[in-house]
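Take UniProt numbering: the last position of the sequence shown gets the number 261, and nothing is skipped along the way. Just so you know, even glycine gets a beta-carbon here, dropped at the ideal spot from N, CA and C. In this text the structure is predicted, and so the values were computed from the model without any measurement.
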Amino acid sequence: MPIELLGVYARYGGRDYVLRNVNARISGDTVILGPNGSGKTTLMRAILGFVVSREGKVLVDGVDVDSIRGAPGLMATNLREVMINSKQPVRDVVRFVLELVDGDYSYFTDVAERFLGRSALAKNFTALSEGQRRVVLNAMALASRARYILLDEPFEGLDPARRVAMLNEILGADGVKVVSTHVTWMLKNLPSWDLYLVVEGAVYGPLKVSELGELKISGKPVEDAALTIELRSGSRVYLSKTSGTPLSSLDTLDKLYEVIS
């Protein structure tokens, strides 16, 4: 059974909608790709049932997420709110969390110590650097043994060697992985994964990652466009195989607006 989003709108408080009429179906490993500020994190939060103001339906294995939010073994994430606020050492807090969900604590310590060293796990979570926190949260999510593992920008704050090592951990993990990112370097390693593009709160797809590598991006109309992205400014972005800048040449989707300007 998949994760399904049906006509989902999401926002924070009385602000404008961050997500607009999202329809998506996630049944296998999936990349959520888009510029910073496009709504990727809000999409992940909506799937997890973390967004307070939401319209439409989010179904996980056919069940409304609001009725199963927090169910052990179903979904795990690296979002900051899953880490319990505590003055205890990281290793003790993570052990407690993983025991609640029947996770694999030995796997967590193996990954965390390889990336950070043993001394980092003796510290309070707030004493860690941003990159160290990311490793802890990634490793805890991967160690959860959950059916769906949602990783928001899992490579942020990591040096190049650790980014590649973290990608290998993700590829080797069980469960359905959903990875949101604004960077493209890892896509060549994920050709069979599904992919959704998120731009200004709208979601486009699905495509296969291998298909995206064949596409070019242009701000000018293209007859054979595979995707047409409508921006809030009223302008459009066209993705096709024939005209424009190859998407594979962009190391980050943040350059989307530079290409079409």
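Beta-carbon proximity of residue i to residue j, cut-off 8 Å
i    : j    : result
L253 : L33  : yes
V178 : T41  : no
R147 : G172 : no
D194 : G28  : yes
L116 : V93  : no
G39  : G201 : yes
L48  : L19  : no
I149 : A76  : yes
V97  : M166 : no
I217 : L197 : no
V199 : I229 : yes
L137 : V111 : no
M1   : G73  : no
Rounded straight-line distance, which links the Cα of residue j to that of residue i
i    : j    : result
P191 : V209 : 5 Å
Y105 : R95  : 6 Å
E113 : V237 : 44 Å
L215 : P35  : 17 Å
V52  : Y12  : 7 Å
L239 : E258 : 15 Å
I84  : I260 : 43 Å
H182 : G213 : 15 Å
M132 : R80  : Sequence check: residue 132 is Gln here, not Met. If you take the alpha carbons of Q132 and R80, they lie about 12 Å apart.
N21  : L6   : 8 Å
G56  : S119 : 45 Å
T109 : V90  : 10 Å
Status (buried if at least 16 other CB within 10 Å, exposed otherwise) for residue i
i    : result
A225 : buried
T242 : exposed
R15  : exposed
N78  : buried
V8   : buried
S67  : exposed
L256 : buried
A122 : exposed
R232 : exposed
P154 : buried
T184 : buried
Bridge partner(s) assigned by DSSP for residue i
i           : result
R11         : S53
R134        : DSSP, once it has assigned bridges, lists no residue as partnering R134.
residue 263 : Since the first and last residues shown for the chain are 1 and 261, residue 263 lies out of range.
T41         : Per DSSP, none; premise fails for T41.
T30         : V178 and D194
L253        : Looking at the DSSP assignment, L253 forms no beta bridge with any residue, so it has no partner.
I3          : I26 and V60
query: Can you list the alpha helix (DSSP H) stretches of 4 or more residues lying completely in the segment 147-175, in chain order?
result: 160-172
task: Write down every uninterrupted run of the beta strand (DSSP E) in the segment 178-220 whose length is 3 residues or greater and which is fully enclosed by it, in chain order.
output: 194-199, 202-208 and 216-218
Segments of 4+ residues assigned as alpha helix (DSSP H) that fall wholly inside the segment 47-93: 65-68
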